[in-house]
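The sequence shown begins at 101 in this note's numbering and counts up by one.
Positions of the beta carbon are idealized from the N, C-alpha and C atoms, including for glycine.
Presented below is the structure to which this report refers.
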Amino acid sequence: MSMIINESLRLYAPVYSIVRETKKKVRIGKVKLPANMQFYIPIHALPHDPQLWGEDTHIFKPERFAEGVAKATNNNIASFLAFSLGPRSCVDCNFATTEVKVALSMILQRYRITLSPVYAHALVHLLTIHPAHGLQIILHPI
Ligand code: HEM
């Protein structure tokens with residue numbers, strides 16, 4: 101379940117981008133930034149970069165997290181920023197993922213889930229990322 105949650109967060113990070121501001125002149129990789137400049141970190145762009153995730157980056161492949169985030173990111177954990185990183189990262193990432201696991205465990209004990217044929221895959225940015233036309237699923241009692 102952790103692998104599936106991580107892969108969902110990788111491809112569909114709810115937080116689209118985050119903003120930071122430089123206090124002084126700084127160099128980040130090849131980019132030089134002046135002091136007092138605000139810049140966006142495009143969390144949502146990261147899974148579109150095959151240099152970070154490989155040629156299969158657009159494919160939903162939970163097993164890439166089978167040996168943890170460090171292995172999945174090739175020790176470049178800045179390529180997985182769904183909860184951000186560092187001192188301003190999400191204070192409740194553990195709570196959020198535990199909550200998903202509890203909810204899914206309760207649902208999966210009673211139902212098998214399939215995607216409805218009417219579902220159209222499209223994303224929309226409304227403060228956070230959402231399915232543009234809803235997420236129609238079919239619950240099959242077990
Ligand atoms: C899947 C669910 C969640 C995602 C993807 C998420 C993502 C994030 C991200 C990316 C940031 C960094 C924002 C930034 O650096 O500008 C953040 C910060 C934060 N998150 Fe979450 N979050 C989630 C759930 C939660 C929950 C459930 C809570 C609290 C109940 C929470 C509380 C916070 C707080 C307080 C911060 C600000 C931390 C700070 O600035 O020091 N988050 N979150």
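Fewer than three Cβ pairs drawn from the region 124-133 and the region 148-163 lie within less than 8 Å of each other, which leaves the two stretches out of contact. Separation of S189 and K171 (C-alpha to C-alpha, rounded to the nearest whole angstrom) is 20 Å.
Taken from the Cβ of E199, at least one heavy atom of the ligand HEM lies inside 8 Å. A distance below 9 Å separates the beta carbons of P231 and L223. Per the Cβ contact rule, the region 195-215 is not in contact with the region 152-164 (fewer than 3 Cβ pairs under 8 Å). A buried status is given to I143, since no fewer than 16 other beta-carbon atoms sit within 10 Å of its beta-carbon. For R127, the uninterrupted beta strand (DSSP E) segment begins and ends at V126 to I128. In terms of side-chain proximity, the C-beta atom of F195 is found nearer than 8 Å to a non-hydrogen atom of the ligand HEM. Per DSSP, reduced to three states, the secondary structure at F139 is strand.
In this structure N106 is buried. Its beta-carbon is surrounded by 16 or more other beta-carbon atoms within 10 angstroms. Under the three-state reduction of DSSP output, P134 falls in the coil class, being neither helix nor strand.
Here R210 is exposed. Its C-beta has fewer than 16 other C-beta atoms within 10 Å. Taken through DSSP and simplified to helix, strand or coil, R164 comes out as helix.
In terms of Cβ geometry, I213 and L181 do not form a close pair [threshold 9 Å].
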